[in-house]
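Participant:
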Amino acid sequence: MIDSLKHLPTSTASHADLAGNFTDLAPPLTARQAAIESARCLYCYDAPCMRICPTEIDVASFIRNIHDGNVNGAAVGILKQNIFGGACARVCPTEILCESACVRNHDAEGQPVRIGLLQRYALDHATLAEHPFTRAPANGRRVAVVGAGPAGLSCAHRLAMLGYEVVVYEARDKSGGLNEYGIAKYKLTDNFAQREVDFILSLGGIEVQHGRVLGDNLHLADLHAQFDAVFLGIGLSASRQLGLTGEDAPGLAAAVEYIAALRQADDLASLPVPRRAIVIGAGNTAIDMAVQLRRLGAEEVTLVYRRGYESMSATLHEQEIAKENQVRMLVWAAPNEVLLDAAGRVRGMRFERTRQLDNLVAGTGEFVEIAADAVFKAIGQRMDPASLSDPMARELENRGDRINVDAFYRTSVPGIYAGGDCIAQGQDLTVQAVQQGKLAALAIHHDIESKLEAA
Numbered sequence: 047m048i049d050s051l052k053h054l055p056t057s058t059a060s061h062a063d064l065a066g067n068f069t070d071l072a073p074p075l076t077a078r079q080a081a082i083e084s085a086r087c088l089y090c091y092d093a094p095c096m097r098i099c100p101t102e103i104d105v106a107s108f109i110r111n112i113h114d115g116n117v118n119g120a121a122v123g124i125l126k127q128n129i130f131g132g133a134c135a136r137v138c139p140t141e142i143l144c145e146s147a148c149v150r151n152h153d154a155e156g157q158p159v160r161i162g163l164l165q166r167y168a169l170d171h172a173t174l175a176e177h178p179f180t181r182a183p184a185n186g187r188r189v190a191v192v193g194a195g196p197a198g199l200s201c202a203h204r205l206a207m208l209g210y211e212v213v214v215y216e217a218r219d220k221s222g223g224l225n226e227y228g229i230a231k232y233k234l235t236d237n238f239a240q241r242e243v244d245f246i247l248s249l250g251g252i253e254v255q256h257g258r259v260l261g262d263n264l265h266l267a268d269l270h271a272q273f274d275a276v277f278l279g280i281g282l283s284a285s286r287q288l289g290l291t292g293e294d295a296p297g298l299a300a301a302v303e304y305i306a307a308l309r310q311a312d313d314l315a316s317l318p319v320p321r322r323a324i325v326i327g328a329g330n331t332a333i334d335m336a337v338q339l340r341r342l343g344a345e346e347v348t349l350v351y352r353r354g355y356e357s358m359s360a361t362l363h364e365q366e367i368a369k370e371n372q373v374r375m376l377v378w379a380a381p382n383e384v385l386l387d388a389a390g391r392v393r394g395m396r397f398e399r400t401r402q403l404d405n406l407v408a409g410t411g412e413f414v415e416i417a418a419d420a421v422f423k424a425i426g427q428r429m430d431p432a433s434l435s436d437p438m439a440r441e442l443e444n445r446g447d448r449i450n451v452d453a454f455y456r457t458s459v460p461g462i463y464a465g466g467d468c469i470a471q472g473q474d475l476t477v478q479a480v481q482q483g484k485l486a487a488l489a490i491h492h493d494i495e496s497k498l499e500a501a
């Protein structure tokens with residue numbers, strides 16, 4: 047457990063009672079519901095839902111297959127474009143992507159086809175006897191993938207399909223990246239993340255080595271010399287700092303650390319739970335953190351953001367989840383001081399009221415204090431400097447704390463590619479990471495084939 051939270055009490059509820067608070071956020075469709083919902087689709091010729099999908103799933107086609115009783119066909123169609131289709135059906139913000147583009151939004155119904163739930167139905171009910179895709183004959187080429195998250199495994203899977211031998215290096219004990227460690231427990235339940243990883247690896251041709259940390263026991267220069275190409279899907283593993291005195295005090299922690307501990311906990315009743323908590327941030331991670339604290343038994347949870355509701359990166363759907371779980375939201379307030387008790391532990395936080403001034407956030411000189419036993423930072427992630435500490439890694443061009451890539455996910459160092467949260471593109475969505483990994487694999491294949499033809 048996180049050292050800075052060890053002084054906090056655990057829940058008074060049992061594991062069984064707490065587990066009941068972490069069942070599916072959106073219950074799956076029954077066969078009857080799936081039949082009715084799939085019948086609502088108009089199967090648009092130029093389906094806007096497909097055009098807005100980051101992985102370019104043929105939405106109308108898979109829904110038609112469900113309607114016609116061809117669930118296996120629907121599942122294979124989804125997986126052809128998005129090998130993480132099961133996780134994305136559960137965590138993808140469909141309300142701002144495919145479902146927002148559904149033409150059913152514009153008629154008298156005002157209700158889109160529930161594409162996410164239909165995608166989940168197809169993948170949950172498919173009866174595939176074996177992996178739906180086969181590997182091409184081995185081509186004798188090897189590619190290293192650093193990071194076993196959605197971007198890395200998507201890249202590895204596509205390369206394996208093309209006949210490459212792929213070695214994936216992962217720092218943590220389990221594969222899956224944020225699907226395993228960073229998503230709210232009520233969004234990916236019943237060990238789904240690991241079952242999906244097992245399915246992806248069942249294709250063959252992919253070796254995963256855990257406990258391999260870039261910048262520690264793994265070096266980019268070595269990989270570059272030993273493999274035909276390298277793909278970096280290392281994510282953003284370090285939490286941003288508030289820059290305030292007392293930030294290392296007991297009771298102050300990164301939200302992602304707590305979420306990871308929660309997802310890996312065998313006994314939810316063993317987790318430290320503050321009676322009153324503050325979550326700083328406005329993204330989906332902040333919402334996940336705040337809601338899960340409430341479901342673990344925290345009496346008061348306040349989410350604080352320095353701008354207004356309209357600027358929050360968390361979708362309106364996520365904001366509604368927070369409200370339904372009685373999370374208090376305080377906007378236009380910026381962290382000013384960590385308040386400590388006589389023992390040096392967090393007892394609350396002082397915030398300065400803010401306002402918008404020429405598109406910037408400015409302080410008003412008015413302050414508000416909120417009592418809390420713990421404060422959780424959900425203000426974004428950054429690259430771990432140690433990850434890119436070796437000489438070759440320092441040659442990678444970056445933009446801020448992200449790796450810069452071209453349109454084909456090539457970095458500034460020939461033979462090294464990158465995708466997912468670690469690059470300066472996209473909105474840090476799982477579905478985008480999957481697509482970037484897939485497209486990077488195709489670019490790697492094209493570049494290697496081009497070199498062979500030139501030779």
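Per the working numbering, residue 47 is the first one in the sequence shown, and the count goes up by one each step.
Even glycine gets a Cβ: it sits at the ideal position worked out from N, Cα and C.
Rounding to the nearest angstrom, what Cα-Cα distance links ASP294 and MET395 in this structure?
Facilitator: 14 Å
Participant: Checking the sheet assignment: what are the DSSP bridge partners for VAL214?
Facilitator: VAL191 and VAL254
Participant: Helix, strand or coil for SER146 per DSSP?
Facilitator: helix
Participant: Return helix, strand or coil for ASN382, following the three-state DSSP convention.
Facilitator: strand
Participant: Here's the rule I'm using: 16 or more other beta-carbon atoms within 10 Å means buried, otherwise exposed. How should GLU226 be labelled?
Facilitator: GLU226 is buried by the Cβ-count criterion.
Participant: Can you tell me whether TYR91 is buried or exposed? The criterion is at least 16 other CB atoms within 10 Å of its CB, across all chains shown.
Facilitator: Exposed, by the Cβ-count rule.
Participant: What are the partner residues of GLN402, as DSSP defines its beta bridges?
Facilitator: The partner list for GLN402 (beta bridge, DSSP) reads VAL407.
Participant: Which class does ALA418 belong to by DSSP, given the choice of helix, strand or coil?
Facilitator: ALA418 falls in the coil class under three-state DSSP.
Participant: Have a look at GLY267 and THR457 and give me their C-alpha separation to the nearest angstrom.
Facilitator: Position check: residue 267 holds Ala in this sequence, whereas Gly was assumed. Approximately 14 Å, taken between the alpha carbons.
Participant: Determine the extent of the alpha helix (DSSP H) in which THR476 is found, giving its start and end residues.
Facilitator: Note, THR476: alpha helix (DSSP H), 476-500.
Participant: Considering only the beta carbon of each residue, do ARG322 and ASP419 sit closer than 8 Å?
Facilitator: yes
Participant: Rounded to the nearest angstrom, what separates GLU366 and HIS61 at their Cα positions?
Facilitator: Using only the alpha carbons, I get a separation of about 26 Å.
Participant: Could you check what DSSP says for PRO178 in three-state terms: helix, strand or coil?
Facilitator: coil
Participant: Pick helix, strand or coil for PHE245, following the three-state DSSP scheme.
Facilitator: helix
Participant: Run through DSSP, which three-state label would LEU326 get?
Facilitator: Reading off the sequence, residue 326 comes out as Ile, not Leu. ILE326 falls in the strand class under three-state DSSP.
Participant: Helix or strand or just coil, what does DSSP make of ARG341?
Facilitator: helix
Participant: Rounded to a whole number of angstroms, what is the C-alpha to C-alpha distance between TYR351 and ARG401?
Facilitator: 12 Å
Participant: Determine, using beta-carbon pairs with one atom in the stretch 211-228 and one in the stretch 254-269, whether at least three such pairs fall under 8 Å.
Facilitator: yes
Participant: Jot down the residue ranges of each uninterrupted alpha helix (DSSP H) in the stretch 109-169, minimum 4 residues, whole runs only, in chain order.
Facilitator: 117-127, 131-137 and 144-147
Participant: What first and last residue would you give for the alpha helix (DSSP H) that runs through GLU346?
Facilitator: Not the alpha helix (DSSP H): GLU346 falls in the beta strand (DSSP E), residues 346-350.
Participant: Looking only at C-alpha atoms, which of GLY446, VAL137 and ILE161 sits nearest to ASP104?
Facilitator: ILE161
Participant: Can you tell me whether PRO100 is buried or exposed, with buried defined as 16 or more other CB within 10 angstroms of its CB?
Facilitator: Classification of PRO100: buried, given that the 10 Å Cβ count is 16 or more.
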